[in-house]
């Protein structure tokens with residue numbers, strides 16, 4: 001990546017990812033678990049809280065939509081270690097006490113094989129770049145490679161351990177700690193509900209894919225099948241798509257993507273599981289996972305026109321799944337809970353604009 005391109009990337013990330021910070025507010029999630037207080041409605045994605053969905057900065061675009069379909073999208077394979085550290089420094093949402101919060105770009109793997117460029121591989125350089133001296137950064141919470149949004153790091157092992165135990169306890173008590181936003185191809189049949197499914201990892205054609213298991217036996221559970229649960233709420237609809245809030249209450253790879261496929265509404269940019277949803281005469285149905293090959297997501301012509309994308313551009317459409325909000329306990333028992341927010345990536349905001357989902 002050239003110097004000018006890197007400077008542009010850093011400017012985009014600094015504007016889109018680092019401009020909005022909210023800490024210390026009481027949790028205001030739409031699904032209120034036991035023992036959590038409600039914050040004002042403006043902390044949510046609803047009509048009154050719409051400002052969280054809008055991109056910051058000047059409203060005028062620098063060019064036609066079709067010229068910049070994936071503005072700010074990271075290409076890790078084109079970056080050096082130094083360039084990636086610069087990008088991550090620009091993506092810092094908050095740095096307070098031992099905690100460092102990043103807004104991870106889509107496409108950046110958190111872990112990988114030895115020698116691969118990942119988030120974990122550059123944590124020592126990032127620690128130096130943030131002026132933390134000899135303090136090592138530890139990973140506390142992060143989503144997968146294709147998901148954008150919040151990553152929580154800590155320089156204190158005790159703090160990291162306490163927060164990891166908090167996340168485990170919250171899952172056991174089915175109390176939501178993370179809220180994702182997604183754009184789906186299709187609109188869920190109900191405006192709000194829960195998705196339950198038993199899932200397992202299956203090694204197919206050299207890759208691990210998640211497949212649902214109907215009526216799992218005790219043996220299945222012992223062999224790695226896990227019962228999963230997510231809550232969802234439709235925030236806005238338009239052009240046959242929906243803006244959806246998702247709160248996972250269990251942790252499993254690709255859980256949210258697979259759950260939305262089971263709702264026949266795959267996440268936009270899901271080039272792994274969306275092929276499991278078939279359509280005949282306008283009616284959607286679920287194809288057997290075992291006999292469905294992974295392929296690039298296929299979008300109808302009307303949707304491509306609304307998105308101002310060519311079919312070839314649609315094959316590069318990034319996954320529209322973003323970890324928008326994390327709820328954390330206060331540093332001390334009497335402290336108010338913390339709420340961390342990560343602004344949407346530029347391409348995500350563009351999609352909302354094209355589909356009219358950010359104006360409702």
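Numbering (full-length UniProt numbering), first residue to last: 1 to 360.
For each residue, glycine too, the CB sits at the ideal point set by N, CA and C.
Please classify residue 336 as buried or exposed, where buried requires at least 16 neighbouring CB atoms within 10 angstroms. In the chain shown, counting from the first residue as 1, residue 336 sits at position 336. Here residue 336 is exposed, its C-beta having fewer than 16 other C-beta atoms within 10 Å.
Exposed or buried, residue 168, counting other C-beta atoms within 10 Å across all chains shown (16 or more means buried)? For the purposes of this step, residue 168 is taken as residue 168 along the chain shown, with counting starting at 1. Residue 168 is exposed by the Cβ-count criterion.
Roughly how many angstroms lie between the CA atoms of residue 159 and residue 71, to the nearest whole one? To locate residue 159, count along the chain shown from 1; it is residue 159. To locate residue 71, count along the chain shown from 1; it is residue 71. When rounded, the distance between both Cα atoms is 36 Å.
Per DSSP, what kind of secondary structure is residue 173 in: helix, strand or coil? Locating residue 173 in the chain shown gives position 173, counting from the first residue. Residue 173 falls in the coil class under three-state DSSP.
Let me confirm a value: residue 155 is counted as buried when at least 16 other C-beta atoms fall within 10 Å, else exposed. Which label applies? Within the chain shown, numbered from 1, the residue matching residue 155 stands at position 155. It is buried - the Cβ of residue 155 has at least 16 other Cβ atoms within 10 Å.
Backbone secondary structure at residue 258 - three-state DSSP: Counting from one through the chain shown, the residue named residue 258 turns up at place 258. Note: residue 258 maps to helix in three-state DSSP.
Going by alpha carbons, who is nearest to residue 157 out of 135, 93, 176? If you number the chain shown from 1, residue 157 lands on position 157. For the residues 135, 93, 176, the minimum Cα distance to residue 157 belongs to 135.
Helix, strand or coil at residue 156 according to DSSP, with G and I counted as helix: Taking the first residue of the chain shown as 1, we reach residue 156 at position 156. Residue 156 falls in the coil class under three-state DSSP.
Taking the beta strand (DSSP E) that residue 389 belongs to, which residues open and close that run? Absent from the structure is residue 389, since the part of the chain shown begins at 1 and ends at 360.
Short check: CB of residue 241 to CB of residue 268, under 8 Å? Taking the first residue of the chain shown as position 1, residue 241 is located at position 241. Taking the first residue of the chain shown as position 1, residue 268 is located at position 268. In this structure, residue 241 sits near residue 268, with a CB-CB distance shorter than 8 Å.
Write down the C-beta distance between residue 96 and residue 149 rounded to the nearest angstrom, noting that I regard them as a contact closer than 8 Å. Position 96 of the chain shown, counted from the start, is the residue given in the question as residue 96. Position 149 of the chain shown, counted from the start, is the residue given in the question as residue 149. Cβ-Cβ separation between residue 96 and residue 149: approximately 18 Å, too far for a contact (criterion under 8 Å).
First and last residue of the alpha helix (DSSP H) that includes residue 351? Mapped onto the chain shown, residue 351 falls at position 351. Residue 351 -> alpha helix (DSSP H) spans 346 to 355.
When we look at the beta-carbon of residue 186 and count the other beta-carbons within 10 Å, is it buried (16 or more) or exposed? Along the chain shown, one-based indexing puts residue 186 at 186. That one is buried.
Note down the Cα distance separating residue 34 from residue 145, rounded to an integer number of angstroms. Position 34 of the chain shown holds residue 34. Position 145 of the chain shown holds residue 145. Residue confidence is low: residue 34 scores 30 on pLDDT, short of 50, so the model does not pin down where it sits. No coordinate-derived value is stated.
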